[in-house]
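Step one of this worksheet: look at the structure below.
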Amino acid sequence: MGFGMTDSIKVPYLDLRAQYQSIKPEIDAAIARVLDSCQFVLGAEVAAFEREFAAYCGTAECIALNSGTSALHLALLAAGVGPGDEVITVPFTFVASVAAVVYTGARPVLVDIDPRSFTMDPASIEAAITSRTKAILPVHLYGHPADMDPIMDVARRHRLVVIEDAAQAHGAKYKGRPAGSIGEIGCFSFYPSKNLGAYGEGGAVTTSNPEYARTIRMLRDWGQDRKYHHVLRGFNCRMEEFQGAILRVKLRHLEQWTGARRAVVAKYNQLLADCDVERPIELPWARHVYHVYTLRTKDRDGLQAALQAEGIQTAVHYALPVHLQPAYADLGYSRGAFPQSEKAAKEVLSLPLYPEMTDDQIQKVSQALTSLAAVR
Ligand SMILES: Cc1ncc(COP(=O)(O)O)c(C=O)c1O
Numbered sequence: 069m070g071f072g073m074t075d076s077i078k079v080p081y082l083d084l085r086a087q088y089q090s091i092k093p094e095i096d097a098a099i100a101r102v103l104d105s106c107q108f109v110l111g112a113e114v115a116a117f118e119r120e121f122a123a124y125c126g127t128a129e130c131i132a133l134n135s136g137t138s139a140l141h142l143a144l145l146a147a148g149v150g151p152g153d154e155v156i157t158v159p160f161t162f163v164a165s166v167a168a169v170v171y172t173g174a175r176p177v178l179v180d181i182d183p184r185s186f187t188m189d190p191a192s193i194e195a196a197i198t199s200r201t202k203a204i205l206p207v208h209l210y211g212h213p214a215d216m217d218p219i220m221d222v223a224r225r226h227r228l229v230v231i232e233d234a235a236q237a238h239g240a241k242y243k244g245r246p247a248g249s250i251g252e253i254g255c256f257s258f259y260p261s262k263n264l265g266a267y268g269e270g271g272a273v274t275t276s277n278p279e280y281a282r283t284i285r286m287l288r289d290w291g292q293d294r295k296y297h298h299v300l301r302g303f304n305c306r307m308e309e310f311q312g313a314i315l316r317v318k319l320r321h322l323e324q325w326t327g328a329r330r331a332v333v334a335k336y337n338q339l340l341a342d343c344d345v346e347r348p349i350e351l352p353w354a355r356h357v358y359h360v361y362t363l364r365t366k367d368r369d370g371l372q373a374a375l376q377a378e379g380i381q382t383a384v385h386y387a388l389p390v391h392l393q394p395a396y397a398d399l400g401y402s403r404g405a406f407p408q409s410e411k412a413a414k415e416v417l418s419l420p421l422y423p424e425m426t427d428d429q430i431q432k433v434s435q436a437l438t439s440l441a442a443v444r
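Numbering (the working numbering) for the sequence shown: 69 to 444.
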């Protein structure tokens with residue numbers, strides 16, 4: 069998988085090389101430091117990153133892992149989720165949010181999204197709760213936080229654990245509170261294309277609950293409480309030292325990059341003011357970190373193909389909601405079960421967006437989109 073410049077592409081969807089070039093000396097020094105230390109897994113760099121990322125998220129603890137998927141999986145296990153339990157989440161997400169529930173042996177119970185924010189509709193949670201429900205797993209999709217107050221309220225009333233899927237939402241805020249610090253546990257991905265991306269796989273859990281933190285630390289390293297003494301049936305979900313060192317460098321730039329993303333979005337919003345598409349919104353209580361800039365348009369596939377022909381690379385997140393994916397047919401949901409998710413899946417289109425985008429690139433995308441949308 070990869071995005072980047074080729075001859076026919078005028079504006080790539082992402083340009084990871086531009087970012088590396090802008091911080092090359094710091095990254096190269098961090099990699100050299102790891103090589104010199106010859107500590108390659110869960111060393112001093114990972115430990116320092118855990119402290120720094122916990123501080124960034126406003127939680128007492130961060131546990132660094134090998135992926136966002138592992139973060140969700142271990143968070144659910146730590147919360148006591150297992151066979152016979154149910155976890156409420158959304159179908160309009162990356163498949164991992166649902167897959168992680170299945171890994172534990174529990175059943176994902178899906179609820180629809182609020183069409184404005186593309187995140188869990190809190191009003192639909194209560195009807196989905198049964199005596200088996202253990203947790204609620206909202207997803208801060210695209211970098212926009214889910215409406216957490218009513219979600220926390222229903223969870224409190226029914227004694228459910230809230231696990232935030234913040235894989236796309238590093239630095240996002242809900243009423244001033246950082247994503248990953250609102251529910252009992254937050255789960256992050258550092259996949260290279262994420263707002264805070266490693267140079268390989270990576271993930272983390274954030275929590276201020278010492279019991280959950282202790283359990284997740286053990287689960288990520290074979291369930292050991294001390295060397296070769298296994299109190300839990302654990303896994304190998306450890307973070308590599310190279311990734312810890314790289315993430316420490318990148319975390320120092322994250323706020324500036326988020327500011328740059330938001331500036332690109334402000335320009336898009338201005339240039340697309342008269343364009344016949346529905347622009348994404350930031351609800352009043354949100355700090356949206358724009359992992360992706362997703363608009364809605366009726367003829368999404370046609371528009372995407374026409375933009376591609378003009379050399380503008382776009383993406384679709386996601387064309388098929390999880391309940392309609394062949395792999396999850398046995399969850400038992402049919403077409404029509406989640407109208408807002410299904411409508412969004414047909415309409416969404418993500419424009420190129422990265423902190424290093426130039427005004428010229430933003431203008432090219434906006435001009436092409438405006439003229440192409442007008443003839444549709
Ligand atoms: C919403 C969401 N959840 C979970 C994940 C899984 O993260 P990873 O790819 O690091 O396993 C991702 C990212 O890929 C994601 O976007």
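Cβ coordinates follow ideal geometry from the N, Cα and C atoms, glycine included.
(request) Would you decide whether residue 131 is buried or exposed? Buried here means 16 or more other CB atoms lie within 10 Å of its CB. (result) Buried is the call here.
(request) Drop a sphere of 10 angstroms on the beta-carbon of residue 431, count the other beta-carbons inside from all chains shown, and report buried for 16 or more, exposed for fewer. (result) It is exposed - the Cβ of residue 431 has fewer than 16 other Cβ atoms within 10 Å.
(request) With a 10 Å radius around its C-beta and 16 neighbouring C-beta atoms as the bar for buried, classify residue 125 as buried or exposed. (result) Around the CB of residue 125, 16 or more other CB atoms lie within 10 Å, so the residue is classed as buried.
(message) Please tell me whether, using a cut-off of 7 angstroms, the distance from the CB of residue 162 to the nearest non-hydrogen atom of ligand 1 is below it.
(response) Within 7 angstroms of the C-beta of residue 162 there is at least one heavy atom belonging to ligand 1.
(request) Would you mind sorting residue 119 into buried or exposed? The rule is 16 or more other CB atoms within 10 Å of its CB. (result) Residue 119 counts as exposed, since fewer than 16 other C-beta atoms from the protein chains shown sit within 10 angstroms of its C-beta.
(request) Compare the C-beta of residue 225 with all C-beta atoms of chain C and state if any pair is closer than 8 angstroms. (result) Considering every chain present, this structure includes no chain C. It has just one protein chain.
(message) Could you compute how far the alpha carbon of residue 409 sits from the alpha carbon of residue 176?
(response) Across the structure, residue 409 and residue 176 are spaced so that their CA atoms are roughly 16 angstroms apart.
(message) Looking at the secondary structure, which residues open and close the alpha helix (DSSP H) in which residue 365 lies?
(response) Looking at the DSSP string, residue 365 is not in any alpha helix (DSSP H), and its letter there is neither H nor E.
(request) Count the other C-beta atoms from every protein chain shown that fall within 10 angstroms of the C-beta of residue 189, then say buried if there are 16 or more, exposed otherwise. (result) By the neighbour-count rule (16 or more Cβ atoms within 10 Å), residue 189 is buried.
(request) Using three-state DSSP, classify residue 356 as helix, strand or coil. (result) Under the three-state reduction of DSSP, residue 356 is assigned to coil, being neither helix nor strand.
(request) Could you tell me which uninterrupted beta strand (DSSP E) segments, each at least 3 residues in length, are contained entirely in the stretch 226-256, listed from first to last along the chain? (result) Complete beta strand (DSSP E) runs here, min 3: 229-233.
(message) Going by DSSP in three states, residue 212 sits in which element: helix, strand or coil?
(response) DSSP places residue 212 in coil when its eight states are reduced to three.
(request) Taking only the alpha-carbon atoms, compute the straight-line gap between residue 369 and residue 211 and give it to the nearest angstrom. (result) Their backbone Cα atoms lie some 23 angstroms apart in a straight line.
(message) One question on the structure: do residue 263 and residue 353 come within less than 8 angstroms of each other, judged by their Cβ atoms?
(response) Not closer than 8 angstroms, so no.
(request) Rank 143, 123, 236, 442 by C-alpha distance to the C-alpha of residue 341 and give the top, closest one. (result) If we check each option's Cα against that of residue 341, 442 comes out closest.
(message) Using only the alpha-carbon positions, how far apart do residue 102 and residue 426 sit?
(response) Rounded to the nearest whole angstrom, the CA to CA distance from residue 102 to residue 426 is 33 angstroms.
(request) Give the secondary structure of residue 196 by DSSP, where H, G and I count as helix, E and B as strand, and everything else as coil. (result) Assigned with DSSP and collapsed to three states, residue 196 falls in helix.
(message) When you compare the CB positions of residue 287 and residue 145, do they come within less than 8 angstroms of one another, or not?
(response) Yes, they are a contact pair.
(request) Taking only the alpha-carbon atoms, compute the straight-line gap between residue 114 and residue 172 and give it to the nearest angstrom. (result) Cα-Cα distance, rounded: 26 angstroms.
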